Each structure stands twice: as structure tokens, then as C-alpha cells.
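To start, the structure itself, in C-alpha cells.
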Amino acid sequence: MEIEKASEKLTEKLTEKTENLIPSVAIEVPKNSEEQWSTEKSSELYGIKSWGSDYFRINANGNVSVTPSINQKLQVDLYELTQDLLDRGIRAPIMIRFPDILRARVEMINNCFSKAIAEHSYKGTYSGVYPIKVNQQRHLVEELVKHGRDYKLGLECGSKPELLVVLALMNTPNSLIICNGFKDQEYIETAIMSQKLGRQTIIVVDRYEELRIIIEAAKKLNTRPRIGFRAKLNTQGAGKWVDSSGARSKFGLTTIELVEGIENLRSEGMLDCLELIHFHIGSQIPSIQSIKSSLKEGVRFYTEVFQMGATALKYIDVGGGLGVDYDGTGSSDSSMNYSEQEYANDVVSILQTLCDEKNIPHPHIVTESGRFLVAHHSILVFNVMGINNLSRWEPPRSATKADHPLLQDLQYIYEKLNKDNINECYNDLMQAKQEALQLFTYGVLNLQQRAWTEGMYFAISNKMTQMARTMDDADDIIQGLSQELYDTYFCNFSVFQSVPDSWAVGQMFPVMPIHRLKESPTRNATLADLTCDSDGKLEKFIDPETGKTKRTLPLHDLKTGEHYFLGVFLTGAYQEILGDLHNLFGDTDAVHISLTENGYTLDHYIPGDTVTEVLSYVQYRHYAMVDSIRNAAEESIQKGSLTKQEAKLLVKQYEEGLSGYTYLEDSE
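What follows is the structure, given as C-alpha cells:
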């Protein structure tokens, strides 16, 4: 009795804070009525019209379709495509890439700048460069070079290995190669020598020490290098990557170094080698005001350097920053409050105004909008492996007078719950939940009794939630309970390999089922991946209606014998390159799909990593591992604990496992 009294006092104190322990953000699962549901409601629920940019929509069959904007007549059903790929032996999870979307993005940004240049009577031209660090996959870079040929799309490299890639792939006449990042003598000499191959290579001085190496290499190679200066802006951008810009940014020359660099080139008779001024606003800038502020400071650097005698200047590289609308809200760090055309208009108009003020010729405009170009083209499709469902709709056995008073109280709440006393019952339920946990800890309730209280808690919560949805003044109860009544869907993918930004920086990607969208989703769920890490999950989603973050995603029940497929969209930028080998899950199978009048063609298939390949990255060798298992099997045969046939089967399965996919596969 003393223990019970003590626990009751402790419970009273804990109950006072119960309201604060329940997350306030929740979503309401739609009522399960096929007659009331439609694909239009699914579009609203998942916000696909907001973030899909006309590339993704829900078709009449209730499946997601992919429609590159370059030709609205061409489309492919993503669910049917997934089924076709599985029939071909391609394995889930699958990274599906659409080169047609790459072409559409290249055309879009060039059309935006062409329109802005025409409207402002701007005298310079526009040509973008793609920073291959955003996604260095060979087929992707080759597609961009091909689709960007008519627009003089160039490439940007930020390391020596990237430079070697760019020199091999960049063969478009008059397209720029921009060299950024830390540079040593070999990097710089290779970049200078590439000019003799006809490459339009500009070496950007990111650190002042690099200027000395460039000058010495130019003398050694008897070549006039093409040089750019990166100015370190004081103005910072905005969003998740705000620290990549501003006065404390990693790269860039200070004003002192800029002035000294100009005088250094002048004294060497090389001031006419300075052709470009570069500055970096940041990545994924959500606000146009931040972009405009940074542009004004960056353009002022250009005009001042020109007036100091660097009259060979003809390019201004405004860097990256052009955002991608990952959630469609227009108000979060994963969104943007401006259009691509507005961005182009501001770049052109600010350049024109500030150059005209100083009577300086309009420079050619260069952007490094890598995220904008490639984010939309790639989709991760994976299947759900199972559900962890702790909720109970039916109550456990009825409590009797012989049971603990707490069990009797919960039985009473379940039986007497009605619309008139729902608030009182809700408060009593929250208190009872805390008491049950404390009483179990003190040893007052045993395991069976705690299991009973959990079952009754879920039964009451479900009954209470259904009742609250029919009321006008019970939103707080729905919010409080919805976050308790969610499932965990275990999915066949790795967050760390395929969407690492969701874990590392809290980036939210659009996630939704790719089929069954004519049906009403009846469950709320978070998504757990295959890794054993507690961070290996997706539990932050955007609510398209409110623009706020929610913890769960509305999903459908699993059907026996049927796969349930989900898609993570807009994964083309950084995710494939940043992915790590957590729990030794490697690259997924990947395909390149082009749309045709007759459907689609599978242009490229890139197999995902085998177990052996992944293990080799961490210095495990196939032959040594197999040999170890064979030796262990021989010892077991000698001991009589393993037969020869069992040993043969074990070694066979072990070798097959080493050559197999790192993700879960269906048995044949």
C-alpha cells in the first residue's frame, strides 16, 4: 500500500505535464469511404501539384505518372513501369532516372534568362555550368552535356578527380569549364594545359596562395591562363546551407586579397588573363530577398575590379543558390518564395543597373544551378516489407473487481465514454497511462497487467478519436491522440544511402505511394529503413494544407500477396553522391528511362552493389571469407555436427549471399 500511495503522488505530478508530452502536430486520417475518395483528394493530401512542377501527377488509374514538360503528351505510369522493371529482373529498391526531365530543366533555365535578357535589352549572354559534385554519375553528366549542347552548357569541377572527368566529357565548343576548390600544382597545370585541347577552362582563385601557383605554372608551360577571382561576400544567404556564404565562408578572397591579386597580376603583365569574377550566394536559397542582397554586393565587386584596370573581364559567375521547391509551401527552408523567371529577372536587372551606373560593358552571365538542373529527374522507389502495428481496436478481456483499481478505471472509461464526457475521459486516460508506467516500474503491476493496460489504452484511444472526428470542438483530442496511434512501416531502403540529407540536415523530400491513390489511406505511419540505426527513418513530412511539419504520412493497409510501393521524389541532387554504407547497404539498382510515342525505352541499367563489392570497400576479401567458412565447415564435419550435404548447402548459400544484392530480395 505504501508503494501504491507513493506512486499515486508521483503520478499526480507527472500528470500535470502530460499535455506537454504529446506532440501538437497531427494529421487526420481520411475516413475509409471509397465513394468519398478520389485522385483529386490524393493530390491535395500529398501536395503533388505543389512540388511536382508538372512532371508528376496522379492519373485516372490512381497511379503516379511522370510527364516531362517538354512534351505533355508523353507520360509513363510509374507503378506500371516499376512492375515492368521487376519483371526484367531489376530489383527494388530502384533509383529511376528520367533524362527527359534533365532536358526540360536545361531548356527552362535558358528560356528564363533569354526572356530576361530580351526584356531588359541586356548586352551580355547567358550560359550555365553544371557543378558535377551535385551528382557525378557518368550517364547523368553525359545526358546534361548532350542536352546542353545547343545552350553552351558547361561543367564545373571542384577537385582534381572531377577535373579529369570534366576534361574527358566536356567537348561542346565555346562551353566553359570552371575550376573551383582546393588546387595543387598538378591540378592547375592540368587545367592550363587543357586550353591546348581547345577547352575553355577558367581557373578560379579560391585561395590567394593559388594565384602564385598559377603564375608559376603559366611561365613553366608558356601559356596564358584564363583566371577568375572568387570574392568572399559579407552578405549571407539563407536556409540550411547559410554558412557556405558570408564573410566566414570556406572559400573566397577578402577585399585585401582581391586588391593585392590585381596588383600582382598587373606586375606580372597578366592582368588581361583575369576574365571572370565569381561569388557564391549559398545553396537552396529559400528567399529572393537574400539572393538580391548578395547579388548587389557581388556585382559591385565586378564593377570595382573592372575599374581597377581589369578590362579583360567578361564573365560574372553568380554561383548556385537557385532553389528547388521540395514541399510546395513557399515558406520553409525546403521551399522557395520565387519562381525561376523571377530569379533570372533579378540577376539580369541588377547586373544591368549596376554596370550601367559605372558605364561598364554588360558581362556574360554564368550560373552554377546544379540542384535546379538535376533534383527532379530522379525517384527512389521501394517496397514496404511489413508493419509494426501496436494499436488495438478491440479491448482486451473485461476487467473485474479482482483486478487492480487502475484496470477497473480503464474499463470504466471505455464503457462510459460519450460526447458529453469526452474531455474528462481524455484527461483520465492520459493520467491512467502515466500511472500504469509508474506502477509497472515500482513492481505493483506485472507484465500481463501492463500489457492489458496498453491494449485497453489503444482501444479507448481509437474509440475516442473516431468519436472526436464527429465533433466540432475536439481538435485538441484528435491532435493529442493521433500521434500515439501511428504505425511504423518497415521499408526496403537505407536512409543513409539514398536520402542522407533527410538524416544529416533535416531536408524534407516529397514521399508518397505511387499507386492505390483512388483509395482512401486509412493509416498514419512513419517509415523505418532496413538499417539497425534508430535514425534510419523518415518521420518528418510536410502538411500541404497547413505548410507545417507533421510526424506521420497517410498510407494504405497492406494487401496480402501484393507489394506496396512508395516513392521518394526529387532525389537527383547530392543524395546518390553523399550516400554512405551504413550497415553495408550499397548503391541501389538504377535505370535511365526515356519516354517515346510508344511508351518508354530503358536506356541504361546500372546494377546496385553486391555484398562482395561493398565488403571490399572495408577491406574484406571474397576468397578469404569463403575459405574461412569452408574451414569451419570441415571442422564441424569432423566433429559430426554438420553433414557433408549440409556443409555443401551452407557454403553454396554463403557464396550466393556474397554475390547478391545488399537489400532484401523476394525468394524465387
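My numbering puts the first residue of the sequence shown at -4, with every later residue one more than the last. Even for Gly, the Cβ is constructed at its ideal location relative to N, Cα and C. Given the structure is predicted, the values throughout are model-derived calculations rather than measurements.
Excluding residues up to 5 positions away in sequence, 603, 604 lie with their Cβ nearer than 6 angstroms to the Cβ of residue 582 in the same chain.
Annotation for residue 403: 394 place their beta carbon closer than 6 angstroms to its own, counting only its chain and skipping 5 residues before and after. Exclusion of the five residues before and after residue 379 leaves 484, 486, 559 as the residues of its chain whose Cβ lies within less than 6 angstroms of its Cβ. Between residue 79 and residue 590, the C-beta gap is not smaller than 8 angstroms, which leaves the two residues out of contact. Secondary structure note for residue 149: its beta strand (DSSP E) is the uninterrupted segment 149 to 152. Here residue 72 is bridged, per DSSP, to 60. Remark: C-beta atoms of residue 434 and residue 405 do not approach each other more closely than 8 angstroms. The DSSP assignment places 359 to 361, 373 to 383 as complete runs of the beta strand (DSSP E) inside the region 359 to 426, in order along the chain (cut-off: 3 residues). For residue 549, the enclosing beta strand (DSSP E) starts and ends at 548 to 550.
As computed with DSSP, residue 520 is found in a beta bridge with 482, 548. Within the region 560 to 594, the beta strand (DSSP E) runs of at least 3 residues that lie entirely inside it are, in chain order, 560 to 563, 584 to 591.
One Cα belongs to residue 167, the other to residue 364, and the distance between them is close to 19 angstroms. In this structure, the beta-carbon distance from residue 368 to residue 97 falls below 8 angstroms.
The secondary-structure analysis by DSSP pairs residue 200 across a beta bridge with 224. Contiguous beta strand (DSSP E) elements confined to the region 265 to 336 occur at 269 to 273, 310 to 312, taking only those with 3 or more residues.
Taking C-beta separations shorter than 7 angstroms and ignoring five residues to either side along the sequence, the partners of residue 185 in its chain run 158, following chain order.
If you ignore the 5 residues before and after residue 527, its C-beta comes within less than 7 angstroms of the C-beta of 578, all in its own chain and listed in chain order. The Cβ-Cβ distance between residue 199 and residue 172 does not fall below 8 angstroms. Taking the Cα positions, residue 104 is about 12 angstroms away from residue 361. Taking C-beta atoms as the reference points, residue 254 and residue 290 fail to come closer than 8 angstroms. Between the region 619 to 636 and the region 648 to 657 there are three or more inter-stretch CB-CB distances shorter than 8 angstroms, so the stretches are counted as touching. Contact between the region 37 to 54 and the region 536 to 549 is present, with at least three C-beta pairs closer than 8 angstroms. Of the candidates 161, 407, 327, the residue whose Cα lies closest to the Cα of residue 423 is 407. Taking C-alpha positions only, residue 607 is separated from residue 125 by approximately 33 angstroms. The Cβ-Cβ distance between residue 50 and residue 63 falls below 8 angstroms.
In the DSSP assignment, residue 98 falls outside any beta strand (DSSP E) and lies within the alpha helix (DSSP H) extending over 94 to 114. The distance from the Cβ of residue 221 to that of residue 213 is about 10 angstroms, inconsistent with a contact at the 8 angstroms cut-off. Taken through DSSP and simplified to helix, strand or coil, residue 85 comes out as coil. Its Cα nearest to that of residue 192, the residue 162 stands out among 207, 162, 636.
Less than 8 angstroms divides the Cβ of residue 223 from the Cβ of residue 197. Between residue 521 and residue 569, the C-beta spacing is not below 8 angstroms.
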